[in-house]
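In my numbering, the protein residues as written are 235 to 612.
A quick write-up on the structure given underneath.
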């Protein structure tokens, strides 16, 4: 709720909450299939429902509904599909979201190209079923979706009142975002209190978290000419358009005069000759939600290949860093030196190099705690 309030307080942004009715209960991914939120409805209302109601009190402008079913509230479509995802459910969008929860903003679908939509409803019906059930904006529409909706209106399948309601909600959303106003006039009223680039730099530098330094090797004291091995562990099939490579980090090491040799998802034979000669070994785990659109963020076989027979753990000059989520100690609980960078942006890479070389202090605090052996921190 505080995030919604902050985003919308200046009257220049509209907040969107997603993915209704709530992810994280089912381990499956709606890019690949329909996922289920199978909580009993009372429990759902006390958890997910409570969060959404609090955001609605702040006047959140839109809600994205997911390809997620809520069987404790809905009814099966048929014997083999079961309950529909929210994107095609009148009970969830109209009766629950707009009715019981009182949401009066704009309902946006999740991408209709995702398998979570296409496995339930044919391609030429997805937009029709979404609008008919109470949705307002179709995400990632195809050009012929307009004709599908138009024909459904002309046939009487979708009442004109439903179209009018959706259009009105979209207009109100655009009004709140001031899209009908003169852009130059709107921009005149904006006063930047901060240099955004400098603010981003401060966040990047202050967030770097030294979680473990059991080997007492951080910060590294490397002289020009030092040999540095950079091992990048990343997800195969990542999306290049939204993913940052780690070239910035490597370049930052090179400009300091180090001899840098990099490897991506290597096996033991790939690095066996070089690692014993290296003065420092940087193992960078770049697996985050921005690097892929499906599957797991857990480490895979190719990311643990260097751990077989304890190969990588025999070196004392190794530091592991996560350039994504802060949970990689779950799969690597035995590493001695571990840093959370949280992001693979060029700025975060520069901040990481500065911190690990002692040019700036580590000021970040871990946002999560992992119980047991993994809980041990600096």
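Note that beta-carbon positions come from the ideal geometry of N, C-alpha and C, so glycine has one too.
Cβ distance (whole Å) where residue 565 is taken to contact residue 532 below 8 angstroms: 6 angstroms
Element boundaries [beta strand (DSSP E), containing residue 483]: Unbroken run through residue 483 is the alpha helix (DSSP H), 481 to 489; no beta strand (DSSP E).
Reduced DSSP secondary structure (H/G/I, E/B, other) of residue 427: coil
Note down the Cα distance separating residue 389 from residue 365, rounded to an integer number of angstroms. 15 angstroms
Residue 598 beta carbon less than 7 angstroms from that of residue 498: no
Tell me whether the region 363 to 378 and the region 332 to 342 touch, counting them as touching only if at least three CB pairs, one residue from each stretch, are closer than 8 angstroms. yes
As assigned by DSSP and simplified to three states, the class of residue 394: Residue state, collapsed to three classes: helix.
Which one of 265, 537 and 463 has the shortest CA to CA distance from residue 553? 463
Helix, strand or coil: which one does DSSP assign to residue 521? coil
With a Cβ-Cβ cutoff of 7 angstroms, do residue 239 and residue 292 count as a contact? yes
For residue 262, which option in 300, 275 and 381 has the closest C-alpha, if you only look at C-alpha atoms? 300
Assuming contact is defined by CB atoms lying nearer than 7 angstroms, are residue 519 and residue 467 in contact in what I supplied? yes
List the DSSP bridge partners of residue 583. Residue 583 pairs with nothing; no bridge assigned.
At what residues does the alpha helix (DSSP H) containing residue 359 begin and finish? From DSSP, residue 359 is part of no alpha helix (DSSP H); its letter is neither H nor E.
Are the beta-carbon atoms belonging to residue 241 and residue 249 less than 7 angstroms from one another? Residue 241 places its beta carbon less than 7 angstroms from that of residue 249.
For residue 402, which three-state DSSP category applies? helix
Straight-line gap, residue 265 to residue 501 (C-alpha atoms, nearest Å): About 30 angstroms.
May I ask you to report which of helix, strand or coil DSSP gives residue 536? helix
Shortest alpha-carbon distance to residue 447 belongs to which of 571, 521 and 391? 571
Can you list the alpha helix (DSSP H) stretches of 4 or more residues lying completely in the region 268 to 315, in chain order? The qualifying runs are 275 to 278 and 284 to 291.
To the nearest angstrom, report how far apart residue 244 and residue 353 are at their CA atoms. Approximately 41 angstroms between the Cα atoms of the pair.
Would residue 426 be called buried (16 or more neighbouring beta carbons within 10 Å of its own) or exposed? exposed
Drop a sphere of 10 angstroms on the beta-carbon of residue 583, count the other beta-carbons inside from all chains shown, and report buried for 16 or more, exposed for fewer. buried
Where do the N-terminal and C-terminal ends of the alpha helix (DSSP H) with residue 242 fall, by residue? 236 to 242
Measure the C-alpha to C-alpha separation of residue 255 and residue 335 and round it to an integer number of angstroms. 11 angstroms
Looking only at its chain, what residues have a beta carbon closer than 8 angstroms to the beta carbon of residue 484, apart from the 5 residues adjacent to it on each side? 464, 494 and 496
Should residue 395 be listed as close to the ligand NAD, given that the test is whether its C-beta is under 6 angstroms from any heavy atom? Among the components modelled here there is no ligand, and therefore nothing to report on the ligand NAD.
Can you give the Cα-Cα distance for residue 348 and residue 253, rounded to whole angstroms? 14 angstroms
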